[in-house]
Structures are given as C-alpha cells and as structure tokens.
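Asks: Mapping of the sequence shown onto the numbering used here: residues 5 to 107, in sequence order.
All residues carry an ideal CB built from backbone N, CA and C; glycine is no exception.
Could you have a look at this structure, given as structure tokens, before my questions?
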Amino acid sequence: TRFTSLATKFGVTGFPTIMFLKGDVATHTYYGDRTKEEIINFAMRVSGPPVKPITRPDSLDTLKNSNPLFFVYVGEYEGPLWETYYQVAETFQPHGFFYSVSP
C-alpha cells in the first residue's frame with residue numbers, strides 16, 4: 005500500500021477499512037454494511053455527543069420515522085441512572101442512537 009505508516013499508526017490490518025477520526029485519534033472503526041446509507045448513518049451516530057438532546061416534541065416523530073431503533077432517556081441529567089445511561093451510550097454509540105429529554 006502507499007500509506008503503510010498511516011495503516012500502522014491506526015492499526016489497520018485489512019482493506020478496505022473505514023475509521024472515524026477526531027483529530028489524530030481513530031475513535032471508531034466501521035464494520036457495518038458497505039452501503040452509502042449505512043456509512044452515512046454510522047458517521048451521523050459517532051460525529052456528535054453520545055447522547056443527543058431532543059428539544060422539540062415534533063423531533064420525536066422525525067426520529068421514529070428515520071431510525072428503526074433508538075433509546076431515549078427521560079429525566080434529570082444527574083444521578084446514577086443518568087450516569088449509567090451516558091456510559092452505555094458512549095460504549096454503544098457506533099451501534100445505536102441515544103437521546104435524552106429533560107422533564
């Protein structure tokens with residue numbers, strides 16, 4: 005390959021490999037279907053914070069129509085339940101969408 009130093013830096017051993025980078029850090033490696041829609045969906049999931057706030061009621065309808073599966077936390081953004089939800093969202097961000105609604 006032409007860029008062996010980059011492949012070594014990011015631990016790439018097979019080709020093609022799709023990685024999401026933030027600065028010089030590879031935060032997530034993509035293992036899903038190689039379709040335009042799935043790759044864009046992956047990029048949308050991992051590009052923002054692990055938990056995205058829902059601020060308008062009509063946004064929930066939009067989410068239901070655009071995502072086959074997602075998780076919503078409803079409650080205050082503090083305490084053990086919130087902390088656990090946020091940690092799970094950080095871990096599984098490449099695989100699903102996580103949202104929150106404040107009461």
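Have a look at Val78 and Leu10 and give me their C-alpha separation to the nearest angstrom.
Replies: For Val78 and Leu10, the distance between alpha carbons rounds to 42 Å.
Asks: Starting from the Cα of Gly36, find the closest Cα among Arg49, Asp28, Lys26 and give me that residue.
Replies: That would be Arg49, whose Cα lies nearest to the Cα of Gly36.
Asks: Whole-angstrom Cβ separation of Pro54 and Phe102, contact assumed at under 8 Å?
Replies: About 6 Å; that satisfies the 8 Å criterion.
Asks: Going by alpha carbons, who is nearest to Ser80 out of Ser104, Lys13, Ile22, Phe74?
Replies: First, the amino acid is wrong: residue 80 is Glu here, not Ser. Checking every option, the nearest Cα to that of Glu80 belongs to Ser104.
Asks: Cβ atoms of Tyr34 and Phe19: under 8 Å apart, would you say?
Replies: For Phe19 and Tyr34, no; Cβs fall outside 8 Å.
Asks: Spell out the partners DSSP gives Lys56 in its beta bridges.
Replies: Looking at the DSSP assignment, Lys56 forms a beta bridge with Tyr103.
Asks: Since Leu85 and Phe74 are thought to touch, with beta carbons under 8 Å apart, how far apart are those beta carbons, to the nearest angstrom?
Replies: No, Leu85 and Phe74 are not in contact; Cβ-Cβ is about 18 Å, not under 8 Å.
Asks: Just confirm the distance between the C-beta atoms of Pro98 and Phe46, as a whole number of angstroms; I'd bet it's less than 8 Å.
Replies: Contact flag correct, Cβ pair sits at about 7 Å.
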